[in-house]
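Chains A and B are the protein sequences, given in the same order.
Mapping of the first sequence onto our numbering: residues 379 to 557, in sequence order.
Mapping of the second sequence onto our numbering: residues 295 to 680, in sequence order.
Here a beta-carbon is modelled for each residue, glycine too, at the ideal position from N, C-alpha and C.
Beneath this line is the structure, given in structure tokens, with notes to follow.
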Amino acid sequence: MSSGSKHEIVIAGRGGQGILLAGYILGKALVDEGYYVVNSEEYSAETRGGDSKAELIVAKDEEPDLMTVQRADIAAFMYTDQMSKYYKLVGKSATLVLDSTFIKEAPKDAGKVFMAPFTDVAEKQVGNIRAANMVMLGYFAAKTGLVGLDPLINAMKSVTNPNWVEVNAKALKAGYELV
Amino acid sequence: MKAEFLNSNQAVAEGAMAAGLGVYVGYPITPSSDMFEYLSEELPKRGGSVFQAEDEIASINALVGASLAGAKSMTATSGPGFSLMMEGIGFAAMVEAPLMIVDVMRAGPSTGIATQIGQGDIYQARWGSHGVYNLVAYAPASAQEAYDYAIKSFNAAYRVRTPVVLMTDAVLAHTRERVVLRDPGELEIVGRKAPKVAPDQYRPYRPDPEDLVPPMAFYGEGYHPIAESLSHDERGYYKTDDEIYRALVSRLVRKVEVNKSKLIASKSYYVEDADVLFVAIGSMARNLLALVRELRGRGIKAGMFRPISLWPFDDESFVAAAARASKIVTVELNQGQLYQILKGILWDNRNKVSNPTIYNLDMPLPTLPTPDEIMGEIESRGWKLW
């Protein structure tokens, strides 16, 4: 990310997919790299299956005024319903990162689209379907170039339960190395 | 000092602990619950106590007891729980128990939408309990301010011996930002004014004539203070005489007024030449400020006034900010509560402003509008603001 640049990022999916944790870890990694980050969360009352959305407003030089995303230039969606619901927040020619386990077709007017089966990779390659969010995050970092793998792993270690550090690190790496 | 990446619920918890929080009592309710969780982990490590009561009514009443026993006391809740606390807030006001209530505003009325934002509790915070009393309420607009005003809320509570309401909202509560946590030596911490007389001379409700606040003896120090929720004299004995009642409740109101300069807070943006002055609080003020900067970029003389103390209101700063404005626009997620407050202030100060028109951009939405959506709402009203 070049100095002085700003990004508005949306990450959305179903409750239970680890969307909010992915947003938190991405935010923490960017803060550790010296960025100002405003990381808001929205979720429904259901623990599983409802809407779940993390937003990040990222800036290098000054604290952002905005609390919430107006026109995302980067978005990651892990489920079709929430992609439909929140695509209105995504600006023209944005970069999209999609979980092709659930999303078979990208929106027609999208800019760059990067798709990979995060949930399948988590289940079959990492050995834990619940780490799909970390596979997404590793892939997201590699494709957008926002942040490196090491800062992500360090941020993950500082905010997740120690029992999950090993599987999460494996999942982040698997996602980062996905082509 | 150190910087952390915290949401406003966590920032309030950190601020309260920095101010010396001793007792947290609460009942979980979205979107305040993660403050409870955070304090359950952190406060016992720092020597304080956390207690889950059976409901919000028990919570607020337990806090009055904890406060009178000498602990800095706090709860956090949201609309439905805040409504249940109203009787206890009046009790705290009557017995002059300093304590803090965090109201994380969500969409209402009633249970509304549990996880979504609202800004409809502005009047309730001030007038929700029955009878004649006064209190202090602050509305921060960032995680940093949530931390800073948690500390200032406790300072205000002890300065004037009232309950203090810290009003955040569901978006602030769940938005992480960089927060600078200060070291103990960097903070102004206000404690109680202790009695200077012997226990047999002590009158628990005899005010200091300067600030109208009675020195506070804690339970167990030998002063035997009485906490009387009925009308009472300086000793705390139940009395119904007109003069005693009037002196008591007048003082409960006036002690906030005479200490107002130490309690008020606000921020003004681009007001020096502002023709259109926007007014908003909390997270709404953040997205509104982004719109104001956009308008400035287009050559429109827009400015913004952001009250931080809602009660008492910083009316002098508002009037100064509005001095050159021909239009004032309140922007809020309710039916126009700031609008009602400002109409009164403008009337009282009609000689100091140039007869501005005040517009009520009331948006009772359960989501925070983006700058574009605020602009769209303005255009849909057909107002000629520029």
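- Taken in chain order, the complete beta strand (DSSP E) segments of 3 residues or longer contained in the stretch 592-647 of chain B are 596-601, 603-605 and 621-626.
- When 8 Å is used as the limit between beta carbons, L583 (chain B) is near these residues of chain A: D443, in chain order.
- Annotation: N539 (chain A) is outside any alpha helix (DSSP H) and is labelled neither H nor E by DSSP.
- Judged by DSSP secondary structure, G469 (chain A) falls within the beta strand (DSSP E) whose first and last residues are V468 to D477.
- For S536 (chain A), not one C-beta of chain B is nearer than 7 Å to its own C-beta.
- Residues of the stretch 398-412 of chain A whose Cβ lies closer than 8 Å to any Cβ of chain B, in chain order: Y402, G405, K406 and V409.
- Close partners of N417 (chain A) in chain B (Cβ separation under 7 Å): T469 and R470.
- Membership of E419 (chain A) in the beta strand (DSSP E) is indicated by the continuous run Y414 to Y421.
- From the beta-carbon of S560 (chain B), no residue of chain A is found nearer than 7 Å; the closest lies around 17 Å away.
- Take the alpha-carbon of T369 (chain B) and the one of Y432 (chain B): they are about 15 Å apart.
- What S422 (chain A) touches in chain B, judged by beta-carbon distance under 7 Å, is T409, going in chain order.
- Chain A places a beta carbon closer than 7 Å to that of T664 (chain B), counting this residue as a contact.
- Assignment of Y443 (chain B) by DSSP, reduced to helix, strand and coil, places it in the helix class.
- Per DSSP, S523 (chain B) lies in no alpha helix (DSSP H) segment and is marked neither H nor E.
- Residues of chain A with a Cβ closer than 9 Å to the Cβ of S577 (chain B) are, in chain order, S418, M445 and T446.
- Taking the C-beta atoms as reference points, V415 (chain A) is found nearer than 7 Å to G405 (chain A).
- Under the DSSP definition of a beta bridge, Y653 (chain B) partners with B:V623.
- The shortest C-alpha to C-alpha distance from Y564 (chain B) to any of B:P650, B:S302 and B:R618 is the one to B:R618.
- Listed in chain order, the non-local C-beta contacts of A579 (chain B) below 6 Å within the same chain comprise A435 and R600, local neighbours out to five positions each way being set aside.
- Inter-residue distance for S372 (chain B) and R400 (chain B) is about 7 Å (C-alpha atoms, whole angstroms).
- Ranked by Cα distance from I397 (chain A), the options A:K384, A:I507, A:E419 and A:H385 are led by A:E419.
- For the 7 Å CB-CB criterion, Y452 (chain B) and P392 (chain B) form a contact.
- Rounded to the nearest angstrom, the gap between the Cα atoms of W680 (chain B) and G630 (chain B) is 22 Å.
- Counting only runs of at least 4 residues, the stretch 356-443 of chain B fully encloses the following alpha helix (DSSP H) elements, listed from N- to C-terminal order: 373-378, 380-389 and 416-421.
- Shown here for R500 (chain B): same chain residues with a beta carbon closer than 7 Å to its own, the five before and five after excluded, namely P508 and E528 in chain order.
- Listed along chain A, no residue sits closer than 9 Å to F572 (chain B) by beta-carbon distance, the nearest being about 13 Å off.
- Per DSSP, S560 (chain B) is one residue of the beta strand (DSSP E) stretching across S560 to Y563.
- When DSSP states are grouped into helix, strand and coil, V491 (chain B) belongs to the coil group.
- If you check each beta-carbon in the stretch 443-465 of chain B against every beta-carbon of chain A, the ones closer than 8 Å belong to V465.
- Looking at the DSSP output, E433 (chain A) bridges to A:V388 and A:S418.
- The residues S302, N303, V306, V396, D397, V398, M399, A433, P434, A440 and G576, in chain order, have a CB closer than 8 Å to that of T462 (chain B) in the same chain once the five nearest residues on each side in sequence are set aside.
- Ranked by how close their Cα comes to the Cα of R590 (chain B), the residues B:E566, B:L604, B:D609 and B:A574 have B:E566 in first place.
- Every unbroken stretch of the beta strand (DSSP E) spanning 3 or more residues and falling wholly within the stretch 544-589 of chain B is given here in chain order: 560-563 and 570-573.
- Excluding residues up to 5 positions away in sequence, K431, E433, V447, A450, A453, Y464, L467 and V468 lie with their Cβ nearer than 7 Å to the Cβ of V388 (chain A) in the same chain.
- For the pair N511 (chain A) and G422 (chain B), the Cα-to-Cα distance works out to about 44 Å.
- The Cβ-Cβ distance between A568 (chain B) and G597 (chain B) falls below 7 Å.
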